[in-house]
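K.L.:
In the working numbering, the protein residues as written are 894 to 1193. In this text, a Cβ means the ideal position worked out from N, Cα and C, and glycines have one as well. I'd like to ask you about the structure that follows.
Next comes the structure, spelled out in structure tokens:
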């Protein structure tokens, strides 16, 4: 099939998948029933303060997406400059990277959601313990995924490529990914938690600095200065991602958890009382105050 036919196929697949998603979530499961009023409320009915809050959250996210797309486009231009084989290999390399990051990334996103819940309940100690343990788990998952990809690289490459030149280039680059992914995962997990801790603006700033000041300049130097192939681009991404991860980890270690709890409870519109009897999820320790004003930790 031609690229046009493949494009049409993917478009139709996305349409069907989106329609199925809304059917299952809205009609069959009713997961959005409690939010329908807000979803279908005209933006004109929102107060200026609400609009301001939405804009303050949205603009950094838009900026982060723009910078990420700029990095991808610029690195793709570098790969095209190196040659057609390098450009094709650079595209195939993204599939290899997905293998080692999908499991730890999914776990980190799920852990960040749980972290947000516990912060909104005021479970500071439990939230901190869960976050640090989650970083350990995601690092272990990334290491296991990297080992699996490294050992199974010949089989994986045989599946996605039928060209000997591309096969050889992929075999040379995959060790870079396997080596750096555990380090990247630490920072990626910390960034997910920084979002839950409401310091996402700091994370986005450090990501932008790493992308614009490290990844792209190093990629340009490797391509135009030293004449390296896509191994240089892979090294540039590893350096940039690792540097951004270090910055995110520093922000995470220095986070104000009490402020994060106040922000989370404010967003959730939970009363200032620590123990919320109306809470519908009992999945961790909660703080309860006894009659003698002593605060105890109770597992529910």
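Following the continuous alpha helix (DSSP H) through residue 993, name the residue where it begins and the one where it ends.
P.N.:
977-1013
K.L.:
Under the rule that 16 or more other beta-carbon atoms within 10 Å means buried, what is residue 983, buried or exposed?
P.N.:
buried
K.L.:
Determine the closest residue to residue 1061 out of 1112, 1147, 1119 and 1046, with distance taken between C-alpha atoms.
P.N.:
1046
K.L.:
Is the distance from the Cβ of residue 1080 to the Cβ of residue 1126 below 7 Å?
P.N.:
Contact: no.
K.L.:
In whole angstroms, give me the CA-to-CA distance for residue 1070 and residue 964.
P.N.:
18 Å
K.L.:
Around the C-beta of residue 1118, are 16 or more other C-beta atoms found within 10 angstroms, so that it is buried, or is it exposed?
P.N.:
By the neighbour-count rule (16 or more Cβ atoms within 10 Å), residue 1118 is not buried but exposed.
K.L.:
Among the residues of its own chain, which have a CB less than 6 Å from the CB of residue 1145, if the five just before and after it don't count?
P.N.:
Once the five neighbours on either side are set aside, the close Cβ partners of residue 1145 are 1083, 1086 and 1087.
K.L.:
Does DSSP classify residue 910 as helix, strand or coil?
P.N.:
helix
K.L.:
Beta carbon of residue 1156, beta carbon of residue 1091: below 7 Å?
P.N.:
Yes, the pair counts as a contact, with Cβ atoms nearer than the cut-off.
K.L.:
Using CA atoms only, rank isn't needed, just tell me which of 1059, 1010 and 1151 is closest to residue 976.
P.N.:
1059
K.L.:
Alpha carbon to alpha carbon, how far is residue 910 from residue 948?
P.N.:
29 Å
K.L.:
Under 7 Å, do residue 1042 and residue 967 count as touching if we go by C-beta distance?
P.N.:
no
K.L.:
Measure the CB-CB distance between residue 1078 and residue 1137 and report whether it falls below 7 Å.
P.N.:
no
K.L.:
Which stretch, first to last residue, makes up the alpha helix (DSSP H) that contains residue 1141?
P.N.:
1123-1146 is the span of the alpha helix (DSSP H), which, as asked, contains residue 1141.
K.L.:
Output the residue ranges of the alpha helix (DSSP H) runs that lie fully inside the segment 1003-1087 and measure 4 residues or longer, sorted by chain position.
P.N.:
1017-1044 and 1046-1053
K.L.:
CA-CA distance, residue 1051 and residue 957?
P.N.:
35 Å
K.L.:
Identify whether residue 901 lies in helix, strand or coil by the three-state DSSP scheme.
P.N.:
Correct three-state label for residue 901: helix.
K.L.:
Cα separation between residue 972 and residue 919?
P.N.:
43 Å
K.L.:
Please report the distance separating the alpha-carbon of residue 1174 from that of residue 955.
P.N.:
Low per-residue confidence applies at residue 1174: pLDDT is 40, beneath 50, and the placement is therefore not dependable enough to give any value.
K.L.:
Would you report the Cα separation of residue 1031 and residue 1074, rounded to the nearest angstrom?
P.N.:
Cα to Cα, residue 1031 sits roughly 11 Å from residue 1074.
K.L.:
Which residue marks the beginning of the alpha helix (DSSP H) containing residue 1092, and which one marks its end?
P.N.:
Run containing residue 1092: none; DSSP gives neither H nor E here.
K.L.:
Could you tell me the alpha carbon to alpha carbon distance between residue 1165 and residue 1158, rounded to whole angstroms?
P.N.:
Because the pLDDT at residue 1165 is just 42, under 50, the model does not fix this residue reliably, and the value given afterwards should be weighed accordingly. Their backbone Cα atoms lie some 8 Å apart in a straight line.
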